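I have placed the structure first, in the form of C-alpha cells, so that the comments after it can refer back to it.
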Amino acid sequence: MPLVQPRHQRWRLVLAHAFLLLLCAAVLLPFLVVLSVSLRPGNFAATGSLWPAEISFEHWRYVLGLPVPGPDGTPVMPDLPVLRWLWNSVKVALASALVTLLLSTTAAYALARMRFAGKRQMLTALMLMQMFPAVLALVALYAIFDRLGAAFPAIGLNTHAALVLAYSGGIAAHVWTIKGYYEILPAEIEEAARVDGASGWQAFRLVLLPMAVPILVVVFLLAFIGAVIEYPVASVLLTQQDQLTLAVGSKLFVQEHNFRWGDFAAAALLSGAPITAVFLLAQRWMLSGLAAGGVKG
C-alpha cells in the first residue's frame, strides 16, 4: 500500500514549494523587466505591460558596436565603445581574481598551518579590515596611485594595473575563507607526504591544493564577480573613456537630460555574460574538486 503522508507534512511541502516559487519570481521579475526595456524601441523605461508590444534590437545593435539608425534614419556607428568597456572589465576581473587567489591561498596556508609570533594579532587585524567598506579609502587610493603614477606611469591613474592592485588589496575576507577550509582538511596527509620525501612546497602544491579546489574556485568566482560589478574604486582611478570598465562607462547612458534606458538595459544584460560563462566553466572544477584527493609526488 502506498504510504499516506500526514496532513502537517503535506502542508509543509505546499508552503515550501510556494516559497520557492515566490523566490524564483522575485529573481526572474527584475531580469524580465530589464530584458523588456532592452527590447523596446526608443530609450524609455518599462511602462504598461511587462513585455513590449513591438520588439526592437536597436539597443543590442548599439552595445554590440553595430550601426544603428540615426535621427534622420541613416545608419551611424555607436558613439560609446561598450564592447571595449566589457573587455576592460573582463581583463581587470581575470587579473585581479588570479592575483587575489594567489595571495589569499598562500597567506591562508601560513595562517592555518604555520606557527609564528603575531599570528593572533594578524588574524584580528584581518577581521577588523573587513568591517570598513572600500569607499572609505577612495581618497587614499587616489593619492597613492597619483604619486605612484608620477614615478611609475604603468601603475598610475587611468591604468588597469592600478585597478588590479587596488582590488587585490581586499583579500582579508578571502584569506579567512580559505584558512577555515584548510583547517578542516587533515594535516596528517601532508605529514605523510613529507615522511615519504616530499618537500614543504610539494606537500602544499600536490597534496593540499588538490583537496582545496572547491574553495579556491569559489574564491576566484567571488573575486571575479566583485571586480566586474565594482564601481566606486574604478570610477575614481579611471577617467579616460577608452580605459573605463563597463560598470563605470554605463553611467554615460543616464545623464541629466539624456536617459538612454534601453541602451543601459542592454549593456547591463551584456555585463552578465562573462559572469555566467565563468560560473558555468567553474562548476566543473567545483564538482570534480569535491571528490579530488591529494597526490604525493
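The numbering used here numbers the first residue of the sequence shown as 5 and each following residue consecutively.
Glycine residues also receive a C-beta, built at the ideal position from the N, C-alpha and C atoms.
No experiment lies behind these values; they were computed from the predicted model shown.
Problem - Assigned exposure category for Val299 - 16 Cβ within 10 Å defines buried - result: Your numbering for residue 299 matches position 295 in the sequence shown. For Val299, the pLDDT reaches just 43, beneath the cut-off of 50, and the residue's location in the model is therefore unreliable, leaving the point undetermined.
Problem - the stretch 236 to 251 in contact with the stretch 129 to 145 per 3-pair CB rule at 8 Å - result: yes
Handout entry: Burial state of Gly301 (16 or more Cβ within 10 Å)
Key = Counting from one through the sequence shown, the residue named residue 301 turns up at place 297. Here the model assigns Gly301 a pLDDT of 43, short of 50, so the residue's position is not dependable, and the following value carries that caveat. By the neighbour-count rule (16 or more Cβ atoms within 10 Å), Gly301 is not buried but exposed.
Problem - In chain order, each alpha helix (DSSP H) run of at least 4 residues that lies wholly inside the stretch 37 to 99 - result: 62 to 67
Problem - Residue interval of the alpha helix (DSSP H) (run including Ile193) - result: Along the sequence shown, read from residue 1 onward, the residue named residue 193 stands at position 189. From DSSP, the alpha helix (DSSP H) with Ile193 extends over 191 to 199.
Handout entry: Phe120 - containing alpha helix (DSSP H), residue span
Key = By 1-based counting over the sequence shown, the position of residue 120 is 116. Phe120 -> no alpha helix (DSSP H), and no H or E assigned at all.
Problem - Spatially closest choice to Trp180 from Gly204, Glu195, Arg124, Leu212, by CA coordinates - result: What you label residue 180 is simply residue 176 of the sequence shown in a count that begins at 1. Comparing Cα positions, the closest option is Arg124.
Handout entry: Among Leu98, Val38, Leu19, Val31, nearest to Phe228 - alpha-carbon criterion
Key = Here the question's residue 228 lines up with position 224 in the sequence shown. Phe228 has its Cα closest to that of Leu98, out of Leu98, Val38, Leu19, Val31.
Practice task
Quick one: residues in its chain with C-beta nearer than 7 Å to the C-beta of Leu68, no 5 flanking neighbours on either side, listed in chain order?
Solution key: For the purposes of this step, residue 68 is identified with residue 64 of the sequence shown, where counting begins at 1. Hits under 7 Å: Leu87.
Practice task
Look up Phe268 in the DSSP assignment and say whether it is helix, strand or coil.
Solution key: As a first step, residue 268 must be located in the sequence shown, where it is residue number 264. DSSP places Phe268 in helix when its eight states are reduced to three.
Practice task
Put Phe263 into one of helix, strand or coil per three-state DSSP.
Solution key: Counted from its first residue, the sequence shown places residue 263 at position 259. Phe263 falls in the strand class under three-state DSSP.
Exercise for the section: Count the other CB atoms, across all protein chains shown, that sit within 10 Å of the CB of Val96; report buried if there are 16 or more and exposed otherwise. Expected result: Along the sequence shown, one-based indexing puts residue 96 at 92. By the 10 Å Cβ count, Val96 comes out buried.
Handout entry: Stretch-stretch touch, CB-based, cutoff 8 Å, three pairs: the stretch 106 to 114 with the stretch 174 to 190
Key = yes
Problem - Sequence-distant residues of the same chain with beta carbon closer than 8 Å to Pro73, five excluded per side - result: Here residue 73 refers to the residue found at position 69 of the sequence shown. Only Glu62, Pro79, Val80 meet the Cβ criterion.
Handout entry: Ala251: first and last residue of the uninterrupted alpha helix (DSSP H) it sits in
Key = Position 247 of the sequence shown, counted from the start, is the residue given in the question as residue 251. Element bounds for Ala251: 250 to 253.
Exercise for the section: In angstroms with no decimal places, state the Cα-to-Cα distance between Arg14 and Pro34. Expected result: Residue mapping note: residue 14 aligns to position 10 of the sequence shown, counting from 1. Residue mapping note: residue 34 aligns to position 30 of the sequence shown, counting from 1. Approximately 31 Å between the Cα atoms of the pair.
Handout entry: N-terminal and C-terminal residue of the alpha helix (DSSP H) that Pro218 is part of
Key = Here residue 218 is taken as the residue at index 214 of the sequence shown, counted from 1. Element bounds for Pro218: 217 to 233.
Handout entry: Arg264 vs Asn47 beta-carbon contact at 7 Å
Key = Indexing the sequence shown from 1 puts residue 264 at position 260. Indexing the sequence shown from 1 puts residue 47 at position 43. Cβ distance < 7 Å, so Arg264 and Asn47 count as in contact.
Practice task
Return the chain-ordered list of same chain residues with a C-beta closer than 7 Å to the C-beta of Glu194, the five sequence neighbours on each side being excluded.
Solution key: In the sequence shown, counting from the first residue as 1, residue 194 sits at position 190. Correct list, in chain order: Ala207, Val211, Leu212.
Handout entry: Contacting residues, own chain, Cβ-Cβ under 6 Å from Trp64 (five flanking each side not counted)
Key = Position 60 of the sequence shown holds residue 64. Only Ala270 meet the Cβ criterion.
Handout entry: Buried versus exposed, by CB contacts within 10 Å (16 or more), Asp267
Key = Position 263 of the sequence shown holds residue 267. Buried.
Practice task
Report yes if the CB atom of Leu90 is closer than 7 Å to the CB atom of Leu189, and no otherwise.
Solution key: The count along the sequence shown starts at 1 and reaches residue 90 at position 86. The count along the sequence shown starts at 1 and reaches residue 189 at position 185. Contact flag unset, no.
Exercise for the section: Please go through the same chain and pick out, in chain order, the residues whose beta-carbon is closer than 7 Å to the beta-carbon of Tyr235, but skip the five residues on each side of it. Expected result: As a position in the sequence shown, residue 235 is number 231, starting the count at 1. Correct list, in chain order: Ala251, Val252.
Problem - Neighbourhood of Ile175 by C-beta, 6 Å cutoff - its chain only, sequence neighbours within 5 removed - result: Along the sequence shown, read from residue 1 onward, the residue named residue 175 stands at position 171. Answer for Ile175: Thr104, Leu107, Ser108, listed in chain order.
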